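What follows is a single structure, written as structure tokens, with notes after it.
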Amino acid sequence: MSKDRPKILRAYGDRAGDGMVQLSFTLEILPSPHAKEAARRFAQAHGLDEVLVTCMEQCGPEHSYFVVYGQSRHSVDASRIDVPVADVPDLSKEEIDELVAVQLARKIIVVGACTGSDAHTVGIDAIFNMKGYAGDKGLEAYKSFEAFNLGAQVENDALIARAKAAGADAILVSQVITQRGCHKENARALVDRLNERGERGRFLLLLGGPRIDHKLAMELGFDAGFGPGTLPKHVASLIATRLIEKKRLLCSA
Amino acid sequence: MGRVALDETVVDRCRFLAAEIATDVQRFIDAHTTVGVERTVARVLGVEGVDENGAPLVNQLVDRVHAAGLLDRGVAFVLGREMLRKRCSALEAAEQLAYGRGTIAPEGDESRAAIAASLAEVTDRALSRIDEARESREKHKLSCGMGETPWKYVIVATGNIHDDAVQAKAAARAGADVVAVIRATAQSLLDYVPHGPTTEGYGGTFATQENFRIIRKALDEASSELGRYVMGTNYSSGLCMSEIAWMAAVERLDMLLNDSMYGILFRDINMRRTFVDQYFSRRIIGRSRIIINTGEDNYLTTADALEAAHTVLASQFINEAFAHRAGLDDALIGLGHAYEIDPKVEDSFLIELAQAQLIRQIFPRHPIKWMPPTKHKTGDVFQSHVHDAMFSLVGVTTGQSIQLLGMFSEAIHNPLMMDRYLALKATRYVFNAAKHLGSEVEWKAGGLVERRAHEVLTRATDLLETVRTETLWSAIARGAFGDVKREPTGGKGLAGVIARSPDYLNPILERLEARS
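Taken in order, these protein sequences are the chains called A and B.
Per our numbering, the first sequence starts with residue 1, numbered consecutively.
Per our numbering, the second sequence starts with residue 1001, numbered consecutively.
Rendered as structure tokens:
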């Protein structure tokens, strides 16, 4: 993103720059003209002008649900935003298989799990299972990968033990449940365990989940992070290119 | 309601095959017990409480009896013997056996008959507790009246039982007929049941007897206020299936998630353990007349809904066969299925209609549980709301019994209060607007719906034929259900499975089996 040319963004409703947004929320107050005014002021406090409260209905014992429209005063300069993203070359499954065969001349071994109490395997399954996700085959379908999906509720120590036993190049962790930040705790605990054992450098560490992004994963001590919409080929391509790069560095050193 | 033409002899064949499949497994069940079953027996006989570390007395007792190599006779045998010797209650006997010095003596002079006789009174009392709770439920249902089907079923999952109670009441007021308290994600793999009210849990709230009491009380209050009986649901699954069934029975829960294979497939619990546990849990559930909800809907979250539809139907036949063997009648068997076909597929709505119609027809007296889309939900809440409306339309058109409401924030977070409110509002609209649609339409002979229903039934029959030949144990091992493979000796909890000795004593099971 160019740093010198500002790109100012306002919410786009019907015309450029009108700032129109809609917002829905619940307040602990029963419907009344008083409640409606409270909702209007609540929206104003969020930076909305010309607030229109279009819906007010009781949704709980003492609660009302509101829909409001208003014109947001705020804007952002998109040219001043820097978002770190995992550097994933856009390669197909066949290209990755070919690349690994030529450059590494061996199979890449990966171990994956949902760690801690998380029982939701939907993410890790989408990346690992033969069938894959949205028409993109999973790691189990790659000729260049040997993939072990340990499933849900795997303790960090068990995951490390399995990764060592398998001689894994990479460990993939999926975290779906995010209540009170438990996904971060689980993920950080794995990095801590590896550091304690002096084994952090042994594995490429990848974190995925609906509330994960590359920035968060890096902050937690992982090598890369993947959010919603990630396809197996994105993960495979990142692992393959990172390992090839690592091999190159070792050879040139 | 319009019907698709089905060959009833094929349906009969499926029931026959499922019965054969279940009979093979039942031979194993009848020859074994588990630590979970024995802890349940101890609880039923009156053993309650925890030590200062929160470890339940029943766990200490059963572990001790197991260590002494006596669990093959049943914990009732050891408890009854101690009661005879010390002339004390089951609770006192349990405390002495669990915390006393030395090991438990293997042999004694007391005959099995004398021990059994010593447990007769406490067994009577336990069964009366189940019966009284059941009668009280029936009375509440009569006095408040029941909502119309499809019953609108919502979940609460705050992690704190007191917040759950508030949310449950709010949901009831907004029109929910059934409220489920989702369980903390780790609980299915705990080999004990936590004790007391709990306020901390991830992804849900712990299932404890006290939590059951709190939530049922809140729902009773809502029921009398609304003049409509609101049902409560929890989970009889995982390593403590049967203990939770007992707690739910005496605390008067109305439904339980309970499946003969779910724990094996989706929680990697050992299959021997699960089959034995599900049987005893269902014996209790049958006596209590709790409605079970089976978990076939989950197959479609790991396998593809278009390709795996027949595995859902085959599994429903198997779940039904196991339930019948445990004394449940059709009115208690809430077989599960789900609206999980990729919405981008052409005619996905019609294909879902076909499946829902097929299952409704094959299981006419069963309170079928119809689960909403989850797998193809995204963060686009507006699109998700439409997706859920289509799901509701299938539910009301085909007369599903228990409709678990879709949440537009499914892919984002546990439902907020307003998410649940909007789901109920939209569902009320669809149910009312299309109330008699099902009785107005007739399925076109040879049309898409009929062809799809035939195809699914045919493939389910083929699968059941194969499973009967190879046995259910091998079928699960090769991934026949949900694309998940499990070995008979793999998974968690196998060490807690014990072959019964010829003098095995379980007065509770005997009495529960005698009724059917």
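Here a beta-carbon is modelled for each residue, glycine too, at the ideal position from N, C-alpha and C.
Remember, predicted model here, so these are calculated numbers, not experimental data.
Would you list the one or two residues that DSSP bridges to residue i?
| i | result |
| --- | --- |
| residue 1370 (chain B) | B:1337 and B:1403 |
| residue 72 (chain A) | A:48 |
| residue 1152 (chain B) | B:1403 |
| residue 1056 (chain B) | B:1050 |
| residue 1431 (chain B) | Per DSSP, none; premise fails for residue 1431 (chain B). |
| residue 63 (chain A) | A:60 |
| residue 1229 (chain B) | B:1146 |
| residue 1255 (chain B) | B:1233 and B:1291 |
| residue 1492 (chain B) | B:1269 |
| residue 243 (chain A) | Beta-bridge pairing links residue 243 (chain A) to no other residue. |
| residue 21 (chain A) | A:70 |
| residue 77 (chain A) | A:8 |
| residue 230 (chain A) | Bridge partners of residue 230 (chain A): none, in fact. |
| residue 1034 (chain B) | B:1497 |
Below 8 Å on C-beta distance, what does residue i contact in chain A?
| i | result |
| --- | --- |
| residue 1416 (chain B) | 26 |
| residue 1189 (chain B) | 153 |
| residue 1411 (chain B) | 210 and 228 |
Starting from the beta carbon of residue i, find every residue of chain B whose beta carbon is closer than 8 Å, and list them in chain order.
| i | result |
| --- | --- |
| residue 117 (chain A) | 1184, 1185, 1186, 1202 and 1203 |
| residue 177 (chain A) | 1185, 1202 and 1203 |
At 7 Å on the CB atoms, spell out the chain B contacts of residue i, in chain order.
| i | result |
| --- | --- |
| residue 59 (chain A) | 1174, 1417, 1418 and 1421 |
| residue 125 (chain A) | 1302 |
Give the interface partners of residue i over in chain B, defined as CB-CB distance under 9 Å, in chain order.
| i | result |
| --- | --- |
| residue 182 (chain A) | 1202 and 1203 |
| residue 65 (chain A) | 1417, 1418, 1421 and 1422 |
Is it the case that the Cβ atoms of residue i and residue j are separated by a distance below 8 Å?
| i | j | result |
| --- | --- | --- |
| residue 1340 (chain B) | residue 1397 (chain B) | no |
| residue 256 (chain A) | residue 73 (chain A) | Since the first residue of chain A shown is 1 and the last is 253, residue 256 (chain A) is not available in this structure. |
| residue 1275 (chain B) | residue 1016 (chain B) | no |
| residue 1204 (chain B) | residue 1216 (chain B) | no |
| residue 172 (chain A) | residue 206 (chain A) | yes |
| residue 212 (chain A) | residue 153 (chain A) | no |
| residue 1498 (chain B) | residue 1486 (chain B) | no |
| residue 1074 (chain B) | residue 1505 (chain B) | yes |
| residue 1208 (chain B) | residue 1198 (chain B) | yes |
| residue 1269 (chain B) | residue 1493 (chain B) | yes |
| residue 1255 (chain B) | residue 1334 (chain B) | yes |
| residue 96 (chain A) | residue 236 (chain A) | yes |
| residue 1508 (chain B) | residue 1022 (chain B) | no |
| residue 1062 (chain B) | residue 1035 (chain B) | yes |
| residue 1453 (chain B) | residue 1011 (chain B) | no |
| residue 1267 (chain B) | residue 1358 (chain B) | no |
| residue 1360 (chain B) | residue 1400 (chain B) | yes |
| residue 221 (chain A) | residue 193 (chain A) | no |
| residue 1248 (chain B) | residue 1206 (chain B) | no |
| residue 1230 (chain B) | residue 1179 (chain B) | yes |
| residue 1331 (chain B) | residue 1367 (chain B) | yes |
| residue 1134 (chain B) | residue 1098 (chain B) | no |
| residue 1393 (chain B) | residue 1434 (chain B) | yes |
| residue 1042 (chain B) | residue 1094 (chain B) | yes |
Going along chain A in order, which residues have a C-beta closer than 7 Å to the C-beta of residue i?
| i | result |
| --- | --- |
| residue 1170 (chain B) | 60 and 61 |
| residue 1301 (chain B) | 122 |
In chain A, what lies closer than 9 Å to residue i by C-beta?
| i | result |
| --- | --- |
| residue 1379 (chain B) | 210 and 228 |
| residue 947 (chain B) | A query on residue 947 (chain B) cannot be resolved here, the shown segment of chain B reaching from 1001 to 1516 and no further. |
| said: If we require 4 or more residues per run, which alpha helix (DSSP H) segments fall completely within the region 1161 to 1198 of chain B? | reply: 1161 to 1173
| Are there three or more Cβ pairs, one per stretch, closer than 8 Å when the region 1414 to 1422 of chain B is compared with the region 1442 to 1457 of chain B? | no
| query | Along the chain, which unbroken stretches of the alpha helix (DSSP H) at least 4 residues long are found entirely within the region 118 to 184 of chain A? | reply | 122 to 128 and 156 to 166
| Does the region 1427 to 1437 of chain B come close enough to the region 1278 to 1297 of chain B that 3 or more CB-CB pairs lie under 8 Å? | no
| task | Spell out a yes or no on whether the region 1453 to 1462 of chain B and the region 1310 to 1322 of chain B are touching, meaning 3 or more CB-CB pairs, one atom from each, closer than 8 Å. | result | yes
| Do three or more CB pairs link the region 1138 to 1148 of chain B to the region 1095 to 1114 of chain B at distances below 8 Å? | no
| Okay, do the region 89 to 109 of chain A and the region 226 to 243 of chain A touch, 3+ Cβ pairs below 8 Å being the bar? | yes
| said: Just to confirm the assignment: which complete alpha helix (DSSP H) runs, minimum length 4, are found wholly within the region 1454 to 1508 of chain B? | reply: 1472 to 1477
| task | Indicate whether the contact test is met: 3 or more Cβ pairs, each with one atom in the region 22 to 38 of chain A and one in the region 52 to 70 of chain A, closer than 8 Å. | result | yes
| message | Suppose only complete runs of 4+ residues qualify. What are the alpha helix (DSSP H) ranges in the region 1073 to 1142 of chain B, listed by chain order? | response | 1075 to 1086, 1090 to 1099 and 1112 to 1118
| query | Pairing CB atoms from the region 1289 to 1300 of chain B with CB atoms from the region 1257 to 1264 of chain B, are three or more of them under 8 Å? | reply | yes
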